[in-house]
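Using our numbering, the first residue of the sequence shown is number 181, and each one after it goes up by one.
In what follows, a structure is listed as structure tokens, so that the remarks can point back to it.
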Amino acid sequence: MTVVNKPKSPTGIAARLRGAALDTRPLAVPAYRRVLIGQGASLIGTMLTEVAVPVEIYSMSHSSMYVGLAGLAGFAPIVVFGLYGGAIADAVDRRLLSLCSSLVTWAVTILLLVQTLLNVRSEALLLALVAVQGAAFATSSSARGAIIPRIVPRELVPAANTLQFTVGNIGQILGPLIAGILIAFPHGFAYAYGTDVLLFTATLYATFRLPSIKPAGTVVKAGARAVFDGLRFIGGNPILLMSFAVDIAAMVLAMPKALFPQAAATHFHGGIGLLYSAIAIGSLLAGLCSGWISRVRRQGVALTLAVVGWATGIALAGFSRTLWLTVALLMLAGAADLVSSVYRQTILQTYAPDEMRGRMQGVFTVVVAGGPRLGDLRAGAMAAATTFSIAWSGSAVLCIGLVLIGAFAVRPFWRYDAHTATHASHTSHAIRASGDSEGSGGSGSSTGSDGADGAQGSHEAPTSLDTPASHDAHAKSPAARGEP
Numbered sequence: 181m182t183v184v185n186k187p188k189s190p191t192g193i194a195a196r197l198r199g200a201a202l203d204t205r206p207l208a209v210p211a212y213r214r215v216l217i218g219q220g221a222s223l224i225g226t227m228l229t230e231v232a233v234p235v236e237i238y239s240m241s242h243s244s245m246y247v248g249l250a251g252l253a254g255f256a257p258i259v260v261f262g263l264y265g266g267a268i269a270d271a272v273d274r275r276l277l278s279l280c281s282s283l284v285t286w287a288v289t290i291l292l293l294v295q296t297l298l299n300v301r302s303e304a305l306l307l308a309l310v311a312v313q314g315a316a317f318a319t320s321s322s323a324r325g326a327i328i329p330r331i332v333p334r335e336l337v338p339a340a341n342t343l344q345f346t347v348g349n350i351g352q353i354l355g356p357l358i359a360g361i362l363i364a365f366p367h368g369f370a371y372a373y374g375t376d377v378l379l380f381t382a383t384l385y386a387t388f389r390l391p392s393i394k395p396a397g398t399v400v401k402a403g404a405r406a407v408f409d410g411l412r413f414i415g416g417n418p419i420l421l422m423s424f425a426v427d428i429a430a431m432v433l434a435m436p437k438a439l440f441p442q443a444a445a446t447h448f449h450g451g452i453g454l455l456y457s458a459i460a461i462g463s464l465l466a467g468l469c470s471g472w473i474s475r476v477r478r479q480g481v482a483l484t485l486a487v488v489g490w491a492t493g494i495a496l497a498g499f500s501r502t503l504w505l506t507v508a509l510l511m512l513a514g515a516a517d518l519v520s521s522v523y524r525q526t527i528l529q530t531y532a533p534d535e536m537r538g539r540m541q542g543v544f545t546v547v548v549a550g551g552p553r554l555g556d557l558r559a560g561a562m563a564a565a566t567t568f569s570i571a572w573s574g575s576a577v578l579c580i581g582l583v584l585i586g587a588f589a590v591r592p593f594w595r596y597d598a599h600t601a602t603h604a605s606h607t608s609h610a611i612r613a614s615g616d617s618e619g620s621g622g623s624g625s626s627t628g629s630d631g632a633d634g635a636q637g638s639h640e641a642p643t644s645l646d647t648p649a650s651h652d653a654h655a656k657s658p659a660a661r662g663e664p
């Protein structure tokens, strides 16, 4: 009897480490690679400004309440332009929309530089500039989020999102650390804003090099009706609705950033850069060990547990009076936040059809960017009305309870299986049937225009998320992606 030795499957420690490592397959897509590098570079500058503005406001007012008002100033424009910008992204070339709105953001950063060089020292002017910047950011984010599923295959969307969050976290680490150094110098705010102006050109270049990306499927007319249809689409899908709800709870009830200037000034007597960087450091470390994320099927459960982990880390950090322990706990919270961010974005991008993705990303922008601003206002107001510990930790404990109750109550979300679920195209058809726009076309399959859009202006031919062809071959072959 001949014994056949079957090849052993890689089950050793090395194989497990490779399986847990960061999934870099989306980097084979040239368009995605440029977007990733451009956004990573510009985010360093963005974080310089995000730290410089509240610290500059606090240096003038010596009040966390004023710092919280900066969050409120940015919230209203984010809501309006996030929703309407998402509707526009479903009606026009998403590349062009992202480029134009990014130019507005760049111009506002230049104005921030000018006002500090002239020593204006006006809280009202800073709040106004924050509001305009929030409007431009919301519009560009709606377009950018809808672009990603069009330039990478469906099975690589979680990996692409993980890469984006991981590279973004590098910027969120370096940015605050550099800001903490720069603003300590004379005219430090000018150095921070000026560096942001220079680095933001990377995003402008990456966006300019994208091919034309027009919406696939039924094109809707941008307006209030389109916005309402997007909101109704979410309201009719408990999985999407709950993914937004848990994020709102996490950002509004358990985001302590507005309290960082006060904590650095009164509790730790320094360390502002470490406080602003800690969450991102934890997210980066989690991203480097994120190979398992794409293999999780029960994404609703995973999202819930990640949000609970985030709020738990934040709550414990609020009780600490030692800088290193606070930073360590914020890092743990940041690791959980990376996981929750990937699953929120992935559920949204893969569950919604293409003609709804702009509006879904608009709502996502409102929640992700507007939620922390409401959290800033909440934290600042609570710190002024109660105590520092209640504002930081008490609200985070409340977040844990609400998220667990909500997740258990919404059974479709808790049972959501990413490997067997199909996107909610039936709801999209129902909305189109009740609206004024024409066209049938399955939202679950890409039309010929999608391929044309990808080829227009570039030989890279981005693959639509909904293309039914085998994506593995494309992902593994740089030549298939137009790699020279």
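Don't be surprised by glycine CBs; every beta carbon is placed ideally from N, CA and C.
- Taking all protein chains shown into account, residue 299 has fewer than 16 neighbouring C-beta atoms within 10 Å of its C-beta and is therefore exposed.
- Residue state for residue 345 is assigned as helix, using DSSP reduced to three classes.
- A Cβ-Cβ distance of about 23 Å is found for the pair residue 439 and residue 317, leaving them out of contact under the 8 Å criterion.
- When rounded, the separation of the alpha-carbon atoms in residue 446 and residue 258 is 32 Å.
- Fewer than three beta-carbon pairs drawn from the region 327-342 and the region 496-509 are found closer than 8 Å, and the two stretches are therefore not classed as touching.
- Under the 10 Å beta carbon count, residue 388 is surrounded by fewer than 16 other beta carbons and is classified as exposed.
- Counting other Cβ atoms within 10 Å of its Cβ, residue 539 reaches 16 or more and is therefore classed as buried.
- Counting the other CB atoms within 10 Å of its CB gives residue 294 a total below 16, which places it among the exposed residues.
- Boundaries of the alpha helix (DSSP H) harbouring residue 530: 503-531, taken from the DSSP string.
- Around the C-beta of residue 499, fewer than 16 other C-beta atoms lie within 10 Å, and the residue is accordingly described as exposed.
- Two segments are said to touch when three or more pairs of C-beta atoms, one from each, lie closer than 8 Å; by this definition the region 547-560 touches the region 246-258.
- Taken atom to atom, the span from the alpha-carbon of residue 385 to that of residue 392 is near 14 Å.
- Where residue 285 is concerned, the enclosing alpha helix (DSSP H) starts and stops at 274-297.
- With contacts defined by Cβ atoms closer than 9 Å, residue 455 and residue 510 form a contacting pair.
- Between the alpha carbons of residue 482 and residue 437 lies a gap of roughly 25 Å.
- Boundaries for residue 566: no alpha helix (DSSP H) harbours it, and the DSSP string shows neither H nor E there.
- Taking C-beta atoms as the reference points, residue 545 and residue 351 fail to come closer than 9 Å.
- Residue 523 holds the alpha-carbon nearest to the alpha-carbon of residue 473 among 493, 448, 426 and 523.
- If the five residues before and after residue 314 are omitted, its C-beta is found closer than 6 Å to the C-beta atoms of 254, 257 and 258, all from its own chain and listed in chain order.
- Shortest Cα-Cα distance from residue 575 to any of 247, 420 and 488 involves 488.
- Just measuring C-alpha positions, the residue of 542, 598 and 563 sitting nearest residue 319 is 542.
- Of the other Cβ atoms in all chains shown, fewer than 16 fall within 10 Å of the Cβ of residue 239; this residue is therefore exposed.
- Around residue 348, the same chain offers 223 as residues with beta carbons nearer than 6 Å, after the five sequence neighbours per side are excluded.
- Taking a 10 Å sphere around the C-beta of residue 361, we find fewer than 16 other C-beta atoms and assign the residue as exposed.
- Here residue 588 is exposed: its Cβ has fewer than 16 other Cβ atoms, across all protein chains shown, within 10 Å.
- In the DSSP assignment, residue 388 falls within the alpha helix (DSSP H) that extends over 381-388.
- For residue 588, the uninterrupted alpha helix (DSSP H) run begins and ends at 575-589, by DSSP.
- Our two residues, residue 586 and residue 378, have alpha carbons roughly 44 Å apart in a direct line.
- By a beta-carbon distance limit of 8 Å, residue 363 contacts residue 232. Their separation comes to about 6 Å.
- Residue 450 is classed as exposed because its beta carbon has fewer than 16 other beta carbons within 10 Å across all chains shown.
- Distance from the CA of residue 517 to the CA of residue 490, rounded to the nearest whole angstrom, comes to 6 Å.
- The C-beta distance from residue 270 to residue 406 rounds to 7 Å, short enough to fall under 8 Å.
- For residue 424, the closest of 359, 325, 390 and 527 by C-alpha to C-alpha distance is 527.
- Excluding the 5 residues flanking it on each side, residue 470 has same chain C-beta neighbours closer than 6 Å at 202 and 342, in chain order.
- Per the coordinates, the alpha-carbon of residue 492 lies some 36 Å from the alpha-carbon of residue 382.
- Cβ atoms of residue 426 and residue 484 come within 8 Å of each other, at about 7 Å.
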